[in-house]
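Just below is one structure, and these are the notes that go with it.
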Amino acid sequence: HNFTGRYWDTATFSSALDRRDYDNPAPASHMTGDFGYFNDQGMLILVGRKDSRVKIRGYTVSVWEVEACLDKLPGVLESIVVLDASKTRLLAYVVPDDSDPTSIELRQGLQESLPEYMIPSQIMFLSALPVGQSGKIDQSLLPPPTRERPETSTEISAPTTSLELSLAGLWSEFLEIDSIGIHDNFYELGGHSLLLTQMLSAISIRYGKQVLLADFHPSPTVAHLASLIESSELQDPVLLSKSEFTTEASFQQQGFIFTQLFSPDSSEYNMSKSFRLQGKLSIDALESALRSVIVRHPVLRSRVVVGKDVQQVVAVDQFSFRVERYSSVDRSCTEYKDITREFVSRPFDIASDLMVRAAVVAHAPEEHTFILVTHHLATDHHSATIVLRDLEYYYNREIIGSTAELPTPEALYGQYAAWQREAVKHSQYQLKEWRDHLQGVPTVPFGITSQPQRHDSTGSEDPRIYRELDSDAYQSLIAIARWSNSSVFCSLLTVLTATISSMTGAKEFAVGIPHSQRNHAELKEVVGCFINVLVARCHFDCTLTCTQFAGKIADEMAWVLEHQQVPFQQLVNACRTPGTYPAAPLFNVMLDYVVSEGRSLRLTNVLAEQEQVYHQSHYDLTLYVYHRKEGISCAWGFEKTLFDEKIRSAYIATFDQLLSSIANCPDARLDSLVPSRGVKADD
-1 HNFTGRYWDT ATFSSALDRR DYDNPAPASH MTGDFGYFND QGMLILVGRK DSRVKIRGYT
59 VSVWEVEACL DKLPGVLESI VVLDASKTRL LAYVVPDDSD PTSIELRQGL QESLPEYMIP
119 SQIMFLSALP VGQSGKIDQS LLPPPTRERP ETSTEISAPT TSLELSLAGL WSEFLEIDSI
179 GIHDNFYELG GHSLLLTQML SAISIRYGKQ VLLADFHPSP TVAHLASLIE SSELQDPVLL
239 SKSEFTTEAS FQQQGFIFTQ LFSPDSSEYN MSKSFRLQGK LSIDALESAL RSVIVRHPVL
299 RSRVVVGKDV QQVVAVDQFS FRVERYSSVD RSCTEYKDIT REFVSRPFDI ASDLMVRAAV
359 VAHAPEEHTF ILVTHHLATD HHSATIVLRD LEYYYNREII GSTAELPTPE ALYGQYAAWQ
419 REAVKHSQYQ LKEWRDHLQG VPTVPFGITS QPQRHDSTGS EDPRIYRELD SDAYQSLIAI
479 ARWSNSSVFC SLLTVLTATI SSMTGAKEFA VGIPHSQRNH AELKEVVGCF INVLVARCHF
539 DCTLTCTQFA GKIADEMAWV LEHQQVPFQQ LVNACRTPGT YPAAPLFNVM LDYVVSEGRS
599 LRLTNVLAEQ EQVYHQSHYD LTLYVYHRKE GISCAWGFEK TLFDEKIRSA YIATFDQLLS
659 SIANCPDARL DSLVPSRGVK ADD
């Protein structure tokens, strides 16, 4: 091929080969880096190179395989495929013949034999591939990718409205292309499903409008996207004037306040991060940096006025904050585990405590563990990222002696809470629809029929199992999303629903889904809890094909997202059955899906590594999914009194099996794929 293949029938290259006698090996031999095998006829079959396997968006891709498909296409003399500098895109360099193929023709040809994730984002044409003195292609001489618009199936049409112009600019930012036509196909420009998810999230923030993946897919163009935004019923929220010191609680906070006051010893809403730090750490600088973060984000120095659902923000000169310090503690000893467990599970007194605390455990002069705990009243997943980013900024500023300040956030969380109460007045018609939609929906019978106090709210550890999804599993999720015309999230919900039904025999149940409502550009950098929990009513019918079942799940999620404006606490109050336990009245299964950059701390002179930390289970079963550029990782959270080790392993194995089966057999009936185990706690 492009490497070893250059020597085949090429006298110039072949004559330069080392012709030593390999029956009598010399002390040093040459390793070509090629992979091959002998077939039945004794021929050596070349299958690729050691350096041809790359990781992209969770997949392990052999660029040699992509090159082989390219070279088979009409009009291609030779090609090379490489990973770009960001390690998120494949780039193809092609030497064409006289037929002068276009990039869109080559892309369409590749789509017939390769999945989406193996299609190069950009195809560039060269008169020849650059070759070094060794006769191999010198990748360092390949030209960098351009921002030129690739050839597409449509002529470029300029934006005609301010919205189209704005959207074209956003596409240009995400696709790294300067000129975008309003009828250009997102995928023909090099887009892929993960990039689309990120872009739609940015659109939600910038325009305050929710665009569903299923609505965008039929016509993935700027023009269609603009029409979807213009026809959206959601109105741009107008944030009310700032009131820093006293704010009414948001609906999300109301639910947390009720639960925390009902169970004051609970650590259910503690959010914890733990980092192993190696290097010259200044604990004083860390403490000062955290104090600056608390000053910057008022919600972190807020306290609840009990009985009034009001938050009182403590003035910057009236709060005290100290990092708890523990000295000379061996990481492997019981004392360290006890310190960590106690610190992260210690309940917050929401009427008197700040919403954040921190500890540093010293193991050696240049080895520490840093633990940060916040209350969900003040943070969500995105807020945690903001807090860590600001913390490292202020810490590094302390170390280098700078006085530079971050830009002031454009809004306060209290403004969001005030806007939310105004906006919800216009969505009350949805509350009745929710009540009708969820009427009579059962929770999953995980082997115990009535034990409302089984959740241990005092902070005992739940058995959480962490794992990375391999490239095959990730490919299966993409496949389900593709043939069901939905999203990776819907793929996960489809497989999770089938798994639970297989394990319990339940045919209908509710699944809770945390959903971010940062639907205004000014809220992007605001710390607070913007999560509204949505509830999907999942039906499992084994007589359906996989395609039909995935389609029904996608339809359910479309309905749920169209009705997302109703706050979860209002939904709870409207649907609660009298006498039920208030922690989870509507569902006992949650699918928590987060698109994350997966960042760690970057502190001057310190190497930080994030560690798994104790977490308490909120529901009987929770599947946490973290979708990052490099792939998907997940964690299974099980209520410890309901699931022993055998059952936990069975759930995960069933999920893996069904993920592969459903993805590979879209036209098969579910009853031919789904095992019926009905495993329960007392089996």
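Under our numbering, read the sequence shown as residues -1 to 681, first letter to last.
Note that CB positions come from ideal geometry on N, CA and C, so glycine has one too.
{"Query": "Supposed contact pair V92 and I121 - C-beta distance, whole angstroms, cut 8 Å", "Result": "6 Å"}
{"Query": "Exposure of K271, with buried meaning 16 or more beta-carbon neighbours within 10 Å", "Result": "buried"}
{"Query": "Residues near V327 in its chain [Cβ-Cβ closer than 8 Å; skip 5 each side]", "Result": "E333, Y334, I337, V359, A360, H361"}
{"Query": "Three-state secondary structure (DSSP) of K271", "Result": "strand"}
{"Query": "Limits of the alpha helix (DSSP H) - the one that Q309 falls within", "Result": "Looking at the DSSP string, Q309 is not in any alpha helix (DSSP H); the run it does join, the beta strand (DSSP E), is 308 to 311."}
{"Query": "Which listed residue (N571, V509, I478, R344) has its alpha carbon closest to that of R433", "Result": "N571"}
{"Query": "Coarse secondary structure for Q120, derived from DSSP in three states", "Result": "strand"}
{"Query": "Span of the beta strand (DSSP E) around Y91", "Result": "88 to 94"}
{"Query": "Burial state of R516 (16 or more Cβ within 10 Å)", "Result": "buried"}
{"Query": "Proximal residues to S670 (C-beta, below 6 Å), its chain only, five neighbours per side dropped", "Result": "none"}
{"Query": "Collapsed DSSP secondary structure at D351 in the structure displayed", "Result": "coil"}
{"Query": "Chain B within 8 Å of T441, Cβ atoms only", "Result": "Annotation note: the requested chain B is absent from the structure, which comprises a single protein chain."}
{"Query": "Per DSSP, the bridge partner or partners of E365", "Result": "Q276, A362"}
{"Query": "Residues bridged to T543 (per DSSP)", "Result": "R667"}
{"Query": "Between the CA atoms of H215 and I660 - distance to the nearest angstrom", "Result": "22 Å"}
{"Query": "Coil, strand or helix - M41 by DSSP", "Result": "coil"}
{"Query": "Residues that DSSP places opposite I78 in a beta bridge", "Result": "Y91"}
{"Query": "Same chain, Cβ closer than 7 Å to C663, five either side skipped, listed in chain order", "Result": "C544, L671"}
{"Query": "Whether L165 touches L223 by CB criterion (8 Å)", "Result": "yes"}
{"Query": "Proximity of V321 and I281 at Cβ, strictly below 8 Å", "Result": "yes"}
{"Query": "For V220, three-class secondary structure by DSSP", "Result": "helix"}
{"Query": "H190 versus T144, P113, T100, K207, residue with shortest Cα-Cα distance", "Result": "P113"}
{"Query": "Residue span of the alpha helix (DSSP H) that contains D682, given as start and end", "Result": "Residue coverage of the chain in this structure runs from -1 to 681, which leaves residue 682 outside it and unanswerable."}
{"Query": "Y393: first and last residue of the uninterrupted alpha helix (DSSP H) it sits in", "Result": "379 to 398"}
{"Query": "Beta-carbon contacts of D82 that lie in its chain and below 7 Å, excluding the five residues immediately before and after", "Result": "L89, P143"}
{"Query": "Local conformation of Y617 per DSSP, three classes", "Result": "coil"}
{"Query": "Simplified DSSP assignment, three categories, for V209", "Result": "coil"}
{"Query": "Burial state of P565, where buried means 16 or more other Cβ atoms lie within 10 Å", "Result": "buried"}
{"Query": "Beta-carbon separation (whole angstroms), K207 vs I227, contact threshold 8 Å", "Result": "5 Å"}
{"Query": "Endpoints, alpha helix (DSSP H) assigned at E685", "Result": "The chain is shown from -1 up to 681; residue 685 falls before or after that span and cannot be answered."}
{"Query": "Expected contact under 8 Å - CB spacing of Q250 and D307 to nearest Å", "Result": "In fact, because the Cβ distance is near 12 Å, the residues do not count as touching under 8 Å."}
{"Query": "Outcome for E171 when other beta-carbon atoms lying within 10 angstroms are tallied against a minimum of 16", "Result": "exposed"}
{"Query": "Endpoints, the beta strand (DSSP E) within which L589 is located", "Result": "587 to 593"}
{"Query": "Close-in-space but distant-in-sequence residues of the same chain around K505 (CB under 8 Å, 5 per side omitted)", "Result": "S499, H537, F538, D539"}
{"Query": "As assigned by DSSP and simplified to three states, the class of N530", "Result": "strand"}
{"Query": "C-alpha distance - G40 paired with S77, whole-angstrom precision", "Result": "29 Å"}
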